[in-house]
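Chemist:
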Amino acid sequence: MKFACASIALVLAGCASEKTPAVADVAASRNAVMNAQTVGAAELAPAEMSAARDKMQRASQALAAKDYDTARDLAQQAQADAQLALSKSQSARATEQANALQHDVMVLQQEVVRARSAGATTTTTAVGTSGTTGTTGTTTTTTTTTTQQQ
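The sequence shown begins at 1 in the UniProt record's numbering and counts up by one.
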């Protein structure tokens, strides 16, 4: 009898220990998906975000059905998909910023060439991007024309 009670207690403890990591993983996957969605990953990586949301939903259903192994696996996959979506969206934004800066540099170079060919002195001040906020800086150009007297 004591052996049977000990066995039942051991089985129940095992079930409880399986549930805890699964619950934590499902909660972490929800956070990862929400974080990626908050920064706009759904627009820049829609396939990855769709996969992350789908797996998170399926993980929640598996958790409700007490299928803790499946819930944990799907939750971890959802986290990975959300992280991939986040990384892709950050990469796309960085590429957009780099392209904008290259365009600004090209415009400035053209202005310098025009100013030199017109016999002018050009002073250029440029402010680049600020951190990871995604804002592209502004460019100010001042051109002073010099005239020569004979």
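Just so it is clear, CB atoms sit at the ideal spot from N, CA and C, and this is done for glycine as well. Because the structure is a prediction, the values reported are computed rather than measured.
So, does the region 83-99 touch the region 43-56, judging by three or more C-beta pairs under 8 Å?
Modeler: At 8 Å Cβ cutoff, the stretches touch.
Chemist: Using 7 Å as the cut-off, classify the Cβ of Gln-79 as near or not near the heavy atoms of the ligand GTP, replying yes or no.
Modeler: Summarising the ligand content, the structure contains no ligands, and the ligand GTP is consequently not present.
Chemist: Please classify Arg-116: is it buried, with 16 or more other beta-carbons within 10 angstroms of its beta-carbon, or exposed?
Modeler: Exposed, by the Cβ-count rule.
Chemist: Thinking Ala-85 and Val-26 are a contact (beta carbons under 8 Å), I'd like their distance in whole angstroms, please.
Modeler: That belief does not hold up - the Cβ atoms of Ala-85 and Val-26 are roughly 18 Å apart, past 8 Å.
Chemist: At 4 residues or longer, and completely inside the UniProt domain "DUF4398" (25-100): list those alpha helix (DSSP H) runs for me, N to C.
Modeler: You should have 41-44, 46-64.
Chemist: Rounded to whole angstroms, what's the CA-CA distance from Gly-40 to Ala-118? Just pull it up for me.
Modeler: Distance between the alpha carbons of Gly-40 and Ala-118: 46 Å.
Chemist: Kindly give me the distance between the Cβ atoms of Ser-29 and Ala-65, rounded to whole angstroms, as I take these residues to be in contact under 8 Å.
Modeler: With 8 Å as the limit, Ser-29 and Ala-65 do not qualify as a contact, their Cβ atoms being about 16 Å apart.
Chemist: Starting from the Cα of Ala-36, find the closest Cα among Ala-82, Arg-53, Ser-60, Ala-62 and give me that residue.
Modeler: That would be Ala-82, whose Cα lies nearest to the Cα of Ala-36.
Chemist: Determine whether the beta carbon atoms of Leu-63 and Val-33 lie at a separation below 8 Å.
Modeler: Not a contact, by the Cβ cut-off of 8 Å.
Chemist: Take the Cβ of Thr-20 as the centre, count every other Cβ of all protein chains shown within 10 Å, and call the residue buried at 16 or more, exposed below.
Modeler: Its Cβ having fewer than 16 others within 10 Å, Thr-20 is exposed.
Chemist: Taking 8 Å as the CB-CB limit, is Ala-45 close to chain D?
Modeler: Chain labels in this structure do not include chain D; a single protein chain is all it has.
Chemist: Candidates Ala-100, Gln-109, Asp-104, Ala-71: which alpha carbon is nearest Asp-54's?
Modeler: Checked all of Ala-100, Gln-109, Asp-104, Ala-71; the closest Cα to Asp-54 is Ala-71.
Chemist: Using three-state DSSP, classify Ala-22 as helix, strand or coil.
Modeler: Ala-22 falls in the helix class under three-state DSSP.
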